[in-house]
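S.K.: Per our numbering, the sequence shown runs over residues 33 to 212. Ideal Cβ placement from N, Cα and C applies to all residues, glycine included. Take this structure, written in structure tokens, and hold onto it; I'll ask about it next.
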Amino acid sequence: YGNQNKLSKAKIKASVFRQGIVENALISEVTAAYYELWYTKNVAKLLKEQDSIYKRFAYAAELRFKSGESNALELATAKMELAEIQILIENNNTAVNKQQLTLQKLTNSNKLVDIEAGDLEMKFSEYQLDQQAVDNVDNSLIKFYQEQIVISEKEKSVAISKMLPDITLGYFNQSFIGSG
Numbered sequence: 033y034g035n036q037n038k039l040s041k042a043k044i045k046a047s048v049f050r051q052g053i054v055e056n057a058l059i060s061e062v063t064a065a066y067y068e069l070w071y072t073k074n075v076a077k078l079l080k081e082q083d084s085i086y087k088r089f090a091y092a093a094e095l096r097f098k099s100g101e102s103n104a105l106e107l108a109t110a111k112m113e114l115a116e117i118q119i120l121i122e123n124n125n126t127a128v129n130k131q132q133l134t135l136q137k138l139t140n141s142n143k144l145v146d147i148e149a150g151d152l153e154m155k156f157s158e159y160q161l162d163q164q165a166v167d168n169v170d171n172s173l174i175k176f177y178q179e180q181i182v183i184s185e186k187e188k189s190v191a192i193s194k195m196l197p198d199i200t201l202g203y204f205n206q207s208f209i210g211s212g
């Protein structure tokens with residue numbers, strides 16, 4: 033029973049580490065979805081700028097064609113480039129909606145999650161990795177696997193203790209005194 037108790041405690045400890053692993057994975061997924069949404073929104077800003085440039089180019093090509101300064105090929109090229117940018121904008125809008133839905137699902141929100149498309153600052157940090165810093169990191173995955181080793185050892189000791197013979201103690205009292 034003592035070995036089974038130790039095994040149960042080790043399994044509880046492993047479950048706590050597994051919870052930490054799940055939390056870390058969720059944080060990682062939310063962070064990745066956030067940055068992907070940020071990226072697609074910034075791409076949308078760039079595509080919008082390109083769209084306005086190509087609209088002006090198409091308008092200028094149309095005016096030049098009407099005045100006879102250019103041929104139909106230049107006008108067709110300008111319209112094709114404009115159409116291509118508009119398709120890219122639609123594809124990017126779909127990607128933005130997909131990332132918003134992903135963030136909504138990950139955060140378990142009832143509303144569609146949206147962020148501002150601002151510029152991020154690039155920050156550099158000088159960090160030296162040493163063994164003490166690695167040892168101090170709370171890595172739930174490593175602790176989980178270490179606890180799995182402990183669980184295996186406890187299961188082994190439980191199995192060994194079940195194979196040991198049972199010890200039973202008894203008391204027997206008999207008297208040889210005859211009748212009478």
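Exposed or buried, Val54, counting other C-beta atoms within 10 Å across all chains shown (16 or more means buried)?
M.R.: Classified as exposed, Val54 has fewer than 16 neighbouring CB atoms from the shown chains inside 10 Å of its CB.
S.K.: Could you say if the region 100–120 and the region 66–85 meet the contact criterion of at least three C-beta pairs nearer than 8 Å?
M.R.: yes
S.K.: Three-state secondary structure (DSSP) at Gln206?
M.R.: coil
S.K.: Would you kindly work out how many angstroms separate the C-alpha atoms of Gly202 and Gly52, rounded to a whole number?
M.R.: 50 Å
S.K.: With burial defined as no fewer than 16 other Cβ atoms inside 10 Å of the residue's Cβ, what is the status of Val128: buried or exposed?
M.R.: buried
S.K.: What does a CB cutoff of less than 6 Å around Gln96 pick up in its chain, not counting 5 residues either side in sequence?
M.R.: Reading the sequence as shown, one finds Arg at residue 96 and not Gln. Answer for Arg96: Ser102, listed in chain order.
S.K.: According to DSSP, simplified to helix, strand and coil, what is Lys143?
M.R.: coil
S.K.: If you draw a straight line from the C-alpha of Gln206 to the C-alpha of Ile199, how long is it?
M.R.: 23 Å
S.K.: Would Thr72 and Ala93 qualify as a contact pair, given that the criterion is a beta-carbon distance under 9 Å?
M.R.: no
S.K.: Report back the beta-carbon spacing between Lys175 and Lys38 to the nearest angstrom; my notes put them in contact at under 8 Å.
M.R.: Incorrect: roughly 18 Å between the Cβ atoms, too far for contact.
S.K.: Measure the alpha-carbon distance for Ser184 versus Lys137 and round it to whole angstroms.
M.R.: 37 Å
S.K.: Have a look at Val75, Ala65 and Ile209 and flag the residue whose alpha-carbon is nearest the alpha-carbon of Asp151.
M.R.: Val75
S.K.: Asn151 lies in the alpha helix (DSSP H); which residues open and close that run?
M.R.: Note that residue 151 corresponds to Asp in the displayed sequence, not to Asn. Per DSSP, Asp151 belongs to no alpha helix (DSSP H) and is neither H nor E.
S.K.: Expressed to the nearest angstrom, what Euclidean distance is found between the alpha-carbon atoms of Lys194 and Val182?
M.R.: 18 Å
S.K.: Whole angstroms is fine: what's the gap from Tyr177's alpha carbon to Ser60's?
M.R.: 20 Å
S.K.: Residues in its own chain within less than 8 Å of Gln132 by CB, not counting five upstream and five downstream?
M.R.: Around Gln132: Leu69, Leu144, Val145 and Asp146.
S.K.: Mapping DSSP to helix, strand and coil, what is Ile53?
M.R.: helix
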